[in-house]
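Undergrad: I have a structure here, written as C-alpha cells, and I will follow up with some questions on it.
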Amino acid sequence: MLFPLTVSAQNWEYAIRNQVEIITLFLQDLDESFGFLSEAEQTDYVNRYRENLYMHQSFCYSFADRFPELADQAMDLALATRGMILNSSIDMRQTILSGGDTSAVRLLDEWTENKEKIAREYALPPDKRIRGLAALEKRNNLMEKDLYRMARSMRTTGDLLSVRWTDIRSALGEQETAVEYTNFRYYDGNRWTDSVIYVAIILRKDMEHPQLIRIGTEKELQQLTGTVLNKSVESGMDELYGWPELDEDVAVYMGSHLLETFWKPLEEWIPEGDTVFYTATGMMHQLNLDVIPIGSGRRLLDRNTFITCSSLSVVTQTPYGAGNIHNI
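Just so we're aligned, residue 7 is where the sequence shown starts under my numbering, counting upward by one.
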C-alpha cells in the first residue's frame, strides 16, 4: 500500500490508481467471504483487517481534497465497516427460528447441543475429556458456517456488506441527504499517530462524488463536551444544548460550539428542508444532532428532518419517505 507521506515523491496518478485498486479488491473479498464465516471467524476478520481499514481511510482523508474520487472509497469503506459490525451482531439464531425452514432449525438444534457439550468438556480436566473433541469442534464450526449461510439467504433486509455509495445515491430522493459520520485512528504514512480523526461524508443525489469533511480529533471533541457530559443529566443537557441569552455567560453553554463543530462545516452541502439520514460514531453516540441549537429558540430540527440509521445501507432496502421511518 502507498501511504500519505511517502506517496508525494511518486507519480500521483499511479499512486491514486493503485490505492483505488487495493480498496476495490478488499471490498470484493469482504463481500464474497465475510457473510459466510462463523461468528468467531467474523470477529477475527474484523480484528485482523482493522488496521488495514484505518490505513485506507487515512489515505482517503489525506488526499480527498485533491482527488475527489477518493471520497468514493472513503464512503465505501465506512459502509463496509458498519456492515461488518452489524453482520456480526445480527442474531443468526432468531433468523433461523423465524425462517420456517425445518431442516435449518434441526441443524441449529444440533449445533447448539454440540456447542453446550464442547463447553462442558472444556470445563473438565484435560485427562477427563472425551476423545475426538477437536474433531467435534471442527465439525461444529462447519455447521455454524452453514447456519450463517442459511440465515443470510433468509434475511429480507438484504446484504448490508454489498451496498456501495452509488447505491445510496440512487436511493436518495431530490430533497434527501445522507451523512456518514465515521472515525478512524490516523496513520501518517510512517507511523500510527495518537489521533483519532472524525469526519463526515456527505452525499446527495446530484453529487458526482461524496464530500468528505473533517470534524476534528477525538481529543478536540472530548475537550468540547467532556466536562458537560460528566455532569448530572439535567444540568449537563441544559448546558450541552443551551444557547445563551444576551445577559448570560457564553462560556456556560456549549450549543454554539456544537453547532460550529458538528454542523457548520456541513451546512453548505445540506439544503434547508432536506431529510437527513445520518449515522453516529464514537463519542457522537452521546449527542443528539437534531437538538443542537442554531440560535435562541431554534434547533437543527427546525431546519431539517433528521433520521438516525444503524447504517446508511438500510436506506437502499427500506420503503422510506418523509416521516415514514425513524431510527432505522
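The C-beta atom is built at its ideal place from N, Cα and C for all residues, glycine as well.
Remember, it's a predicted structure, so these values are computed and weren't measured experimentally.
On the CB-based measure, 16 or more other CB atoms within 10 Å of its CB, does His291 come out buried or exposed?
TA: One-based indexing of the sequence shown puts residue 291 at position 285. It counts as exposed.
Undergrad: Taking its Cβ as the centre, do 16 or more other Cβ atoms sit within 10 Å of Trp198, making it buried, or is it exposed?
TA: The residue given as residue 198 occupies position 192 in the sequence shown. The residue in question, Trp198, is exposed, as its Cβ has fewer than 16 Cβ neighbours within 10 Å.
Undergrad: State the DSSP-derived secondary structure class of Gly195, mapped to helix, strand or coil.
TA: On the sequence shown, residue 195 is found 189 positions in, with the first residue counted as 1. Here Gly195 sits in coil by DSSP.
Undergrad: If I follow the unbroken alpha helix (DSSP H) through Gly349, where does it start and stop?
TA: It is not possible to answer for residue 349, since the shown part of the chain is limited to 7 through 334.
Undergrad: Let me know the secondary structure DSSP gives Arg158 once reduced to three states.
TA: Position 152 of the sequence shown, counted from the start, is the residue given in the question as residue 158. Arg158 falls in the helix class under three-state DSSP.
Undergrad: Does DSSP put Thr285 in a helix, a strand or coil?
TA: Counted from its first residue, the sequence shown places residue 285 at position 279. DSSP places Thr285 in strand when its eight states are reduced to three.
Undergrad: Decide if Glu150 is buried, meaning its Cβ has at least 16 other Cβ atoms within 10 Å, or exposed.
TA: For the purposes of this step, residue 150 is taken as the residue at position 144 of the sequence shown. That one is buried.
Undergrad: Ala77 and His215 look like a contact to me (Cβ under 8 Å); what is the Cβ gap, rounded to whole Å?
TA: Position 71 of the sequence shown, counting from 1, holds the residue named residue 77. Position 209 of the sequence shown, counting from 1, holds the residue named residue 215. Contact annotation, Ala77 with His215: C-beta distance approximately 5 Å; criterion of less than 8 Å satisfied.
Undergrad: From the DSSP output, in three-state form, read off Val169 for me.
TA: Numbered from 1 along the sequence shown, position 163 holds the residue referred to as residue 169. In the three-state DSSP reduction, Val169 falls in the coil class, being neither helix nor strand.
Undergrad: For the alpha helix (DSSP H) that contains Thr101, what are its first and last residues?
TA: Your numbering for residue 101 matches position 95 in the sequence shown. Note, Thr101: alpha helix (DSSP H), 98–103.
Undergrad: Taking Thr267 as part of the alpha helix (DSSP H), name the residues at either end of that continuous run.
TA: As a working mapping, residue 267 is identified with position 261 in the sequence shown. Careful: Thr267 lies outside any alpha helix (DSSP H) and carries neither H nor E.
Undergrad: Tell me the DSSP secondary structure of Phe42 in three-state form.
TA: Taking the sequence shown and counting its residues from 1, the one referred to as residue 42 is at position 36. DSSP places Phe42 in helix when its eight states are reduced to three.
Undergrad: Give me the DSSP bridge partner(s) of Val336.
TA: For the chain, the structure presents residues 7 to 334; residue 336 sits outside this window and is missing.
Undergrad: Around the C-beta of Pro3, are 16 or more other C-beta atoms found within 10 angstroms, so that it is buried, or is it exposed?
TA: This structure cannot settle anything about residue 3, because the visible part of the chain is limited to 7 through 334.
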